[in-house]
Amino acid sequence: MGSDGMTKNKQVLRIRETIPGEKVREGIDALVDGLLERFDFRGDDVAIVGIQTRGAAIANRVAEKIRARTTSDVPVGAVDITLYRDDLSTSGMQPVVGETHLNFDLDDKRIILIDDVLFTGRTVRAAIDEIMDFGRPRSITLAVLIDRGHRELPIAADVAPIRIQTKRAESVILRLQETDKKEEIVICETMPL
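Following my numbering from start to finish, the sequence shown increments by one per residue and tops out at 207.
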């Protein structure tokens with residue numbers, strides 16, 4: 015959310031709650047714990063892929079923490095789903111395409127797909143479509159920092175340490191040090207521009 019009270023094609027009307035950065039860091043630690051329970055990270059068959067922008071930042075932090083707690087040098091990459099969005103032709107926006115970095119073979123890998131906030135499931139569907147265009151992984155496990163409900167597609171997170179009850183018209187904005195120079199979760203009422 016910018017200083018002008020705007021966030022990605024929406025205007026903020028009212029902030030309902032601000033959750034401090036300490037909870038963000040605790041959530042990322044819990045995300046790592048959840049993944050270490052599911053994966054042994056002993057072989058070279060696991061890779062982490064973050065969804066740009068904040069999912070990629072979280073993926074880098076998670077990979078760092080896993081490397082520190084295991085002997086694994088787990089590869090980490092990122093996907094930009096802009097061209098895979100199902101609303102691209104109807105949004106009327108000129109898309110700004112980011113970068114996809116997958117500098118490892120996806121075939122037969124167990125992929126951990128990481129995003130910041132799980133909402134409708136459409137971003138995750140787009141990310142899975144893009145990953146499948148790059149290779150054929152053995153499996154994809156979804157790990158998100160925040161699950162806010164209101165799914166439109168049959169997609170569920172395997173690991174989601176923070177669950178927030180929201181109204182459909184609210185937005186959940188995650189700010190991270192890497193992208194926003196501060197850390198917090200803001201839950202607010204928004205209005206489309």
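Cβ coordinates follow ideal geometry from the N, Cα and C atoms, glycine included. A quick note: this is a predicted structure, and the numbers were derived from the prediction, not measured.
Sequence-distant residues of the same chain with beta carbon closer than 7 Å to Ile201, five excluded per side: Along the sequence shown, read from residue 1 onward, the residue named residue 201 stands at position 187. Cβ-Cβ distances below 7 Å link Ile201 to Arg30, Glu31, Ile178, Thr180, Glu184 and Val186 in the same chain, with the five nearest sequence neighbours on each side left out; the list follows chain order.
If Ile125 sits next to Ala61, beta carbons under 8 Å apart, how far is it from one beta carbon to the other, in whole angstroms? As a first step, residue 125 is located in the sequence shown; it is residue number 111 there, counting from the start. As a first step, residue 61 is located in the sequence shown; it is residue number 47 there, counting from the start. Between Ile125 and Ala61 the beta-carbon gap is near 6 Å, inside 8 Å, which marks them as a contact.
N-terminal and C-terminal residue of the alpha helix (DSSP H) that Thr137 is part of: As a position in the sequence shown, residue 137 is number 123, starting the count at 1. According to the DSSP assignment, Thr137 belongs to the alpha helix (DSSP H) that extends over Arg136 to Phe148.
Return helix, strand or coil for Arg152, following the three-state DSSP convention. Position 138 of the sequence shown holds residue 152. Coil, per DSSP.
Apart from the five residues on each side of it in sequence, which residues of its chain come closer than 7 Å, Cβ to Cβ, to Ser17? To locate residue 17, count along the sequence shown from 1; it is residue 3. In this prediction, Ser17 has a pLDDT of 37, which is less than 50 and means its spatial position is unreliable; nothing more can be read from the coordinates.
Between the region 138–150 and the region 87–99, can you find at least three pairs of beta-carbon atoms closer than 8 Å? At 8 Å Cβ cutoff, the stretches touch.
Classify Arg182 as helix, strand or coil using the three-state DSSP reduction. In the sequence shown, the residue the question calls residue 182 occupies position 168. Here Arg182 sits in coil by DSSP.
Buried or exposed for Leu167, going by 16 or more other Cβ atoms inside 10 Å? Locating residue 167 in the sequence shown gives position 153, counting from the first residue. Classified as exposed, Leu167 has fewer than 16 neighbouring CB atoms from the shown chains inside 10 Å of its CB.
CA nearest to the CA of Val158, picked from Gln66, Gln25, Asp54 and Val26: If you number the sequence shown from 1, residue 158 lands on position 144. The residue among Gln66, Gln25, Asp54 and Val26 with its C-alpha nearest the C-alpha of Val158 is Gln66.
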